[in-house]
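Participant: Provided herewith is a single structure, encoded as structure tokens, for subsequent inquiry.
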Amino acid sequence: MKVLITGMGGFLGRHLARRLIADGHAVHGVSRSPLDIEGAEIVLGDVLDRKLMEDACSGMDAVIHLAAITEFGSISRHPAKSMETSLLGTLYALGGFVKAGGKHFIFPSSGKAYGKPANLPIPERHSLNPETYLGHIKKLCEDLVIFYASFTPQLYTSLRIFNVYGPGQKAYFLIPTILSQLDKEEIILGDIKSRRDYVHVEDVVGAFRVALSRKGHGFEAYNVGSGLSSSAQDVVDEISRIAKKECTIKTDASRLRAHEAFEERADISKLKALGWSPRYTLVKGLSEML
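Heads up: the sequence shown runs through residues 82 to 371, numbered per our numbering.
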């Protein structure tokens, strides 16, 4: 299968590209800078270039549109730019995909699109009531995908990914933030009580592989998570146990985030019905990162 991945240079994009190449797919990417991913054909450019996206989508069986700004600090500092990159990038990716006659469009949404859950675990049928920047952006992009699915004959999949982690993730996400402070007297964090569903990047890659095997037409959404939740305190305690090192946490109120749910935990039964299942426990994932 010929697969185009936008945002291939990102954390998830690199892991996904290497795995799909190993699976035998012809993998193409759009990136703003050169990449060292053996076996991938890279188009240098920006997803905000409509003509470039039309050309990049030409001849592709599937388009996986990862390109977006997802880091909390970047979004909160530059909400308009983040919105432009995500919405226009998604619009141009969808337009190029449809014009090229592709078969399957896959979009990485987020568990943040649900907002504060009415019940746990969160099923896909839960209403989307986002309260965070990222949640709003992902919902709007997903609405674009649903809109295209309503009048074109192709297949569209949204993967609502919860808190992904793993090797190679940038230091401003929680787990790398903790690991980067292990040699210090105190680990400085914000909220240590709220609970999140942490899913390993290789399990997320597995979800994309399963999604690629889907047939048919129309739109479907699937949660991608572990089905379990842990607090930042839990994560620090587990790292302390694995590393055999006593860790002291210091909370910093400036790191607290507004409008966040106390607990997020995915109902992953729908994706499991397609044959996917998470292989990484949090303990296994953390152990491999230490």
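Note that CB positions come from ideal geometry on N, CA and C, so glycine has one too. Since the structure is predicted, the reported quantities are computational estimates derived from the model, not experimental observations.
1. Could you name the residues of the same chain whose beta carbon sits closer than 8 Å to that of Ser-155, not counting the 5 residues immediately before and after it, in chain order?
2. Ignoring anything shorter than 4 residues, give me the alpha helix (DSSP H) runs that lie fully in the stretch 244–312, in order along the chain.
3. Between Phe-186 and Gly-120, what straight-line distance do the alpha-carbon atoms span, to the nearest angstrom?
4. Please go through the same chain and pick out, in chain order, the residues whose beta-carbon is closer than 7 Å to the beta-carbon of Tyr-361, but skip the five residues on each side of it.
5. Do you know offhand how far Pro-115's Cα is from Gly-91's?
6. With which residues is Pro-115 paired in a DSSP beta bridge?
7. If you draw a straight line from the alpha carbon of Glu-267 to that of Thr-329, how long is it in whole angstroms?
8. Less than 7 Å between C-beta atoms, sequence neighbours within five positions excluded: which residues of the same chain meet that for Ser-261?
9. Give the single residue among Ala-313, Val-316, Val-305 whose Cα lies nearest to the Cα of Ala-354.
10. Starting from the C-beta of Gln-314, find all residues in its chain whose C-beta is less than 6 Å away, skip the five residues before and the five after it, and write them out in chain order.
11. Please classify Lys-193 as buried or exposed, where buried requires at least 16 neighbouring CB atoms within 10 angstroms.
12. Buried or exposed for Arg-346, going by 16 or more other Cβ atoms inside 10 Å?
13. Please name the residue in Glu-152, Gly-177, Arg-158 whose C-alpha comes closest to that of Val-128.
14. Taking just the CA atoms, how far does Leu-168 sit from Ser-321?
15. So is Ser-310 buried or exposed if we call it buried at 16+ other beta carbons inside 10 Å?
16. Using only the alpha-carbon positions, how far apart do Gly-88 and Val-111 sit?
17. Hey, could you find the ends of the alpha helix (DSSP H) His-96 is sitting in?
18. Taking 8 Å as the cut-off, decide whether the C-beta atoms of Ala-324 and Leu-371 are in contact.
19. What's the C-alpha gap between Val-75 and His-96?
20. Cα separation between Thr-238 and Ala-143?
21. Who pairs with Ile-242 in a beta bridge, going by DSSP?
22. Closest by CA to Lys-197, which one among Pro-204, Pro-211, Lys-184?
Facilitator: Looking at the coordinates:
1. Ser-163
2. 255–261, 282–293
3. 22 Å
4. These residues qualify, in order along the chain: His-281, Glu-283, Asp-284.
5. 12 Å
6. Pro-115 is not bridged to any residue.
7. Between Glu-267 and Thr-329, the C-alpha separation is close to 5 Å.
8. Hits under 7 Å: Ala-252.
9. Val-305
10. Counting only Cβ-Cβ distances below 6 Å, and skipping sequence neighbours, we find Ile-273.
11. buried
12. buried
13. Measuring from the Cα of Val-128, the nearest candidate turns out to be Gly-177.
14. 41 Å
15. buried
16. 6 Å
17. 92–103
18. yes
19. In this structure the chain extends from 82 to 371, so residue 75 is not present and cannot be described.
20. 11 Å
21. According to DSSP, Ile-242 shares a beta bridge with Ser-191, Val-305.
22. Pro-211
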